[in-house]
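The next block holds one structure in the form of structure tokens; read it before the comments.
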Amino acid sequence: TERHKILHRLLQEGSPSDI
Amino acid sequence: AAPPITTASAKKPAPMNTMVSHLLVAEPEKLYAMPDPALPEGPAKAASTLCDLADREIVVIISWAKNIPGFPALSLADQMSVLQSVWLEVLLLGVAWRSLPCEDEIVFAEDFALDEEAARAAGLLELSGAVLQLVRKYRALRLEREEYVLLKALALANSDSVHIEDMAAVQRLRDVLHEALLEYEGARRPEEPRRAGRLLLTLPLLRQTATRVLHHFYSLKLEGRVPMHKLFLEMLEAMM
Chain A
1 TERHKILHRL LQEGSPSDI
Chain B
1 AAPPITTASA KKPAPMNTMV SHLLVAEPEK LYAMPDPALP EGPAKAASTL CDLADREIVV
61 IISWAKNIPG FPALSLADQM SVLQSVWLEV LLLGVAWRSL PCEDEIVFAE DFALDEEAAR
121 AAGLLELSGA VLQLVRKYRA LRLEREEYVL LKALALANSD SVHIEDMAAV QRLRDVLHEA
181 LLEYEGARRP EEPRRAGRLL LTLPLLRQTA TRVLHHFYSL KLEGRVPMHK LFLEMLEAMM
């Protein structure tokens, strides 16, 4: 997770969609 | 006599319509490459434009994946493993789809398309040849938008990452999408019973193309002359 922290953050953040 | 309409059946529309229409709505907005006008034309500019575009496209793919039914239900670790292994296939399927209307031209973005001559000048001839083979395959199949969105979701679910912990959950996701494709083709093209199979059999070429493109970008990374954003680097490294 530490090595892939941006992907981890993007998957966690925000709502699942804006649709 | 018609059977009475129960609440359950009234609530259950055709699964194919549900999935296809859901995937159509989940389609991302068009992307623009916006090449830096200050840079001189050439391989360095083309590579840096593509790397910048890919970085933004990965962000879009991550948001898109969150809208694929069943994907958010995977564990966070498995969502990461799946995306790390298939993001480039998803990205390339999008490029192939955008390029379908253009003969022998690869449409990386609305404002960034390369024909053979431009690809040679940009040092991307080998890469573009591989992508064009994929484009020709989908053109020969006359791929429709509905099939494209189903296939793209299937490319996501078709991850063979060895890091996936709950493979059964990924298989369920794959099965639901496979079923949606079979139902769609059964209703849309009953005269072509092998069409769904033909579409699925393009996935090996998609993976092969992704592998070739990956090596191209990994070489660029090792050369270190093209600036790459952190997310793009992270995703490239995850695949190597």
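Chains as they are written, first to last, in this note's numbering: chain A, 1 to 19; chain B, 1 to 240.
Ideal placement from N, C-alpha and C gives every residue a C-beta, glycine not left out.
Predicted model only: the values in this text are computed from it and were never measured.
Checklist entry - Can you give the Cα-Cα distance for Tyr148 of chain B and Leu93 of chain B, rounded to whole angstroms? => result As a working mapping, residue 148 of chain B is identified with position 148 in the second sequence. As a working mapping, residue 93 of chain B is identified with position 93 in the second sequence. Cα to Cα, the separation comes out at about 8 Å.
Next on the checklist: When you compare the CB positions of Ala269 of chain B and Val90 of chain B, do they come within less than 9 Å of one another, or not?
Outcome noted: This structure does not reach residue 269 of chain B, given that chain B is present from 1 up to 240, and the question cannot be answered.
Item to check | chain A contact residues for Met235 of chain B, given Cβ-Cβ distances below 8 Å | outcome: Here the question's residue 235 of chain B lines up with position 235 in the second sequence. Those are Leu7, listed as they occur along chain A.
Next on the checklist: So for Asp52 of chain B, helix, strand or coil by DSSP?
Outcome noted: As a working mapping, residue 52 of chain B is identified with position 52 in the second sequence. Asp52 of chain B: helix per DSSP, three-state reduction.
Checklist entry - Under a CB-based cut-off of 9 Å, is Ala118 of chain B close to chain A? => result Start at 1 with the first residue of the second sequence, and residue 118 of chain B comes out as number 118. Chain A, which has no Cβ nearer than 9 Å to the Cβ of Ala118 of chain B, makes this no.
Checklist entry - Between Met80 of chain B and chain A, is there a C-beta pair that is closer than 9 Å? => result Counting from 1 along the second sequence, the entry for residue 80 of chain B is found at position 80. So yes, Met80 of chain B belongs to the interface.
Checklist entry - chain A beta carbons: is any one of them nearer than 9 Å to that of Leu214 of chain B? => result Position 214 of the second sequence holds residue 214 of chain B. For Leu214 of chain B, the answer is no, since every Cβ of chain A falls outside 9 Å of its Cβ.
Next on the checklist: Classify Thr209 of chain B: buried if its beta carbon has 16 or more other beta carbons within 10 angstroms, exposed otherwise.
Outcome noted: Counted from its first residue, the second sequence places residue 209 of chain B at position 209. The residue in question, Thr209 of chain B, is buried, as its Cβ has 16 or more Cβ neighbours within 10 Å.
Checklist entry - Name the chain A residues whose beta carbon is nearer than 7 Å to that of Val59 of chain B? => result Residue mapping note: residue 59 of chain B aligns to position 59 of the second sequence, counting from 1. Ordered by position in chain A, the residues that pass the 7 Å Cβ test against Val59 of chain B are Leu10.
Checklist entry - For the putative contact between Leu177 of chain B and Leu199 of chain B, defined by C-beta atoms under 8 Å, what is the C-beta separation to the nearest angstrom? => result In the second sequence, counting from the first residue as 1, residue 177 of chain B sits at position 177. In the second sequence, counting from the first residue as 1, residue 199 of chain B sits at position 199. About 12 Å separates the beta carbon of Leu177 of chain B from that of Leu199 of chain B, a gap too long to meet the 8 Å contact definition.
Checklist entry - CB-CB under 8 Å to Glu223 of chain B, same chain, minus the five flanking residues each way: which ones, in chain order? => result Position 223 of the second sequence, counted from the start, is the residue given in the question as residue 223 of chain B. There are no such residues.
Checklist entry - Got a sec, what are the start and stop residues for the alpha helix (DSSP H) Ile68 of chain B sits in? => result Counting from one through the second sequence, the residue named residue 68 of chain B turns up at place 68. Element bounds for Ile68 of chain B: n/a, residue is neither H nor E.
Next on the checklist: Going by C-alpha to C-alpha distance, which of B:Asp36, B:Leu233 and B:Ala180 sits closest to Val20 of chain B?
Outcome noted: Residue 20 of chain B sits at position 20 when you count from the first residue of the second sequence. Of the listed residues, the one whose Cα sits closest to Val20 of chain B is B:Ala180.
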